[in-house]
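Chemist:
Numbering (the working numbering), first residue to last: -15 to 302.
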């Protein structure tokens, strides 16, 4: 009994009987560590291949690869406007479509004067129904349309309970984001499919990753644009049309106080557009900007209840 009561003897007997389990657990832990290391290396490689290598190699001829003209809906939005300027810098003529022409006409003239390409602006209010499509049809007929760019209307971004939103605001949200993107794509896509080349870029927002309280309608619109892009990719990707869903996070706005302090985490629209265009033809779904990709990956690791809690605190404060 004395020998049995010895702690050291008891410990040795237990350790001997559990050694096989310890070895098994050690093997499982080693496999888990290796798998995580492989995933981390894969993510690092994807980040470099997507965001850095395309900016180091020679730029492709976009007009030859996709087409000479770009149709850009939501051209009054700053990211879309910067994207149009970046395309024009690469020799692409642009058709700017918006429901508010107050500053688009000046943008079209500036693009044409600066980059020596044609720039046309069109006013189209999709709340008027099918009549909004007629001027777009007239503008694109006979043109080598190589790009369709649809941008989320962030002017409708407000923190309000869904029941507090007026019917007019909800109609605007649906028409400007869902109806407009769908119809503009439908009008210009057939010529791309016929020629077997072209690119469709839908710019939504990284918030589609999670549901966002007090932004239900706009959050659902971003998810629609993302899913719309992915569905079109599987439908027309094998017909020569490259479809991309851009999911930017926070980008500095000229209308906000953070524009002058824009940095690598919150880039200016021009910096973002330059990075995003370099990912065209490389990734079908991306944030378009490497710091945003890192942030996007971190957000994916956050449990949804934590995201919802943070969203509630943030939206209540704004």
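All C-beta atoms in this analysis are idealised placements derived from N, C-alpha and C, irrespective of residue type, glycine included. As the structure is a computational prediction, the values presented were derived from the model and not from experiment.
1. Enumerate in chain order the residues of its own chain whose CB-to-CB distance from residue 177 is below 8 Å, with the five nearest sequence positions on each side excluded.
2. Throw me the rounded Cβ distance for the residue 216 and residue 271 pair, which I believe falls under 8 Å.
3. Helix or strand or just coil, what does DSSP make of residue 248?
4. For residue 83, write down the residues that DSSP places opposite it in a beta bridge.
5. Whose C-alpha, out of 41, 76, 70 and 58, is nearest the C-alpha of residue 51?
6. Do you know whose CA, among 154, 71, 227 and 131, lies nearest residue 111's CA?
7. Leaving out the 5 sequence neighbours to the left and right, which residues in its chain are closer than 8 Å to residue 210 when beta-carbon positions are compared?
8. Can you give me the Cβ contacts of residue 20 inside the same chain, cut-off strictly under 7 Å, excluding the 5 residues immediately before and after it?
9. Which runs of the alpha helix (DSSP H) fall wholly inside the stretch 69 to 123 and span at least 4 residues, in chain order?
10. Along the chain, where does the beta strand (DSSP E) containing residue 54 start, and where does it finish?
11. Note the first and the last residue of the continuous beta strand (DSSP E) segment covering residue 135.
12. Nearest to residue 174 by CA position, among 260, 137, 121 and 141, is which residue?
13. With DSSP collapsed to three states, give me the class of residue 184.
14. Determine contact between the stretch 158 to 171 and the stretch 94 to 101, defined as no fewer than three beta-carbon pairs at a distance below 8 Å.
15. Are at least three pairs of beta-carbons, each pair with one atom in the stretch 254 to 265 and one in the stretch 28 to 46, less than 8 Å apart?
16. Give every residue of the same chain whose Cβ lies closer than 8 Å to the Cβ of residue 281, excluding the five residues on either side of it in the sequence, and list them in chain order.
17. Closest to residue 289 by CA distance: which of 57, 86, 194 and 146 is it?
18. For residue 277, which of helix, strand or coil comes out of DSSP?
Modeler: Reading from the atomic positions:
1. The residues are 220, 223, 224 and 225.
2. Rounded, the Cβ-Cβ distance is 19 Å, inconsistent with contact.
3. coil
4. Paired residue(s): none; residue 83 is not in a bridge.
5. Among 41, 76, 70 and 58, the Cα nearest to that of residue 51 belongs to 76.
6. 154
7. Excluding five sequence positions before and after residue 210, the CB atoms of its chain that fall closer than 8 Å to its own CB belong to 186, 188, 192, 229, 231 and 269, given in chain order.
8. none
9. 88 to 99
10. 53 to 57
11. 129 to 135
12. Cα-wise, what sits closest to residue 174 is 121.
13. strand
14. No: the two stretches stay apart, fewer than three of their Cβ pairs being nearer than 8 Å.
15. yes
16. By the criterion of a C-beta distance shorter than 8 Å, residue 281 is surrounded in its chain by 27, once the five residues flanking it on both sides are discounted.
17. The candidate whose alpha carbon is nearest that of residue 289 is 194.
18. helix
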